[in-house]
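Reviewing the structure listed below.
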Amino acid sequence: MAIRKIREFGDPVLNKVCRPVKEATPRIRQLVDDMFETMYDAMGVGLAAPQVGILKRIVVIDTDGTPHALINPQILETSGEQTGEEGCLSLPGKCGIVTRPDYVKVKAYDVDMKPFELEGRDLLARAICHECEHLDGILYTSHVQGELKDNTVIEED
């Protein structure tokens, strides 16, 4: 496994639409492993392949200690609404207020290209929406209500 460089706001790769993954390969498995390691190293809860410069439809998410790798994810259903602070590893030190669905159901493939569905509420729902938008070249900044603000103070419990 390796920590990859996270592309930051302004990098054109972040605004491109990603291509579907056609088959499970050792390179895809390695990419997923590297993405998890990169996300954990950066203390994030989600990471999309374009954020590490790869234009493939892959996201990794871990909001509660349960890692999820989603290949070719498709959101099937959303409901409810939540409004809260959102940040992005590609915009370090910044956050903004974003409204997202409170419930999301997504269909995806695992690293063996076996289909599965995942349902999420609260932070998991927010992360699924945020990361899936990365695959279409959309950043959360397009949804921010008001201005981005600095988020450089780290709060710990």
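If you're matching positions, the sequence shown starts at 8 in the numbering used here and goes up one per residue.
Glycine included, each C-beta is placed from N, C-alpha and C at the ideal position.
From a predicted model like this one, the values you see are computed outputs, not experimental measurements.
Which residues bound the beta strand (DSSP E) around residue i?
i: Gln-58; result: Where Gln-58 is concerned, there is no enclosing beta strand (DSSP E), given that its DSSP letter is neither H nor E.
i: His-75; result: 75–86
i: Asp-157; result: 152–157
i: Tyr-47; result: Not the beta strand (DSSP E): Tyr-47 falls in the alpha helix (DSSP H), residues 33–48.
i: Thr-90; result: 89–94
What do you reckon, are the CB atoms on residue i and residue j nearer than 8 Å?
i: Ser-86; j: Tyr-110; result: yes
i: Leu-96; j: Ile-13; result: yes
i: Leu-83; j: Lys-101; result: no
i: His-141; j: Pro-57; result: yes
i: Gly-103; j: Val-151; result: yes
i: Asp-40; j: Met-8; result: yes
Assuming the contact rule is C-beta atoms closer than 8 Å, residue i and residue j should be a hit. Round their C-beta distance to whole Å, please.
i: Glu-93; j: Arg-133; result: 7 Å
i: Lys-63; j: Arg-107; result: That belief does not hold up - the Cβ atoms of Lys-63 and Arg-107 are roughly 24 Å apart, past 8 Å.
i: Glu-15; j: Pro-74; result: 24 Å between Cβ atoms; not a contact.
i: Lys-114; j: Glu-124; result: 5 Å
For residue i, is the classification buried or exposed, using 16 other Cβ atoms within 10 angstroms of its Cβ as the cut-off for buried?
i: Thr-45; result: buried
i: Met-42; result: buried
i: Arg-11; result: buried
i: Ile-61; result: buried
Mind checking which residues open and close the alpha helix (DSSP H) that includes residue i?
i: Ala-132; result: 129–141
How do the region 9–23 and the region 66–75 stand: do at least 3 beta-carbon pairs fall below 8 Å, yes or no? no
If we count Cβ pairs, one from each stretch, closer than 8 Å, do we get three or more for the region 116–129 versus the region 73–86? yes
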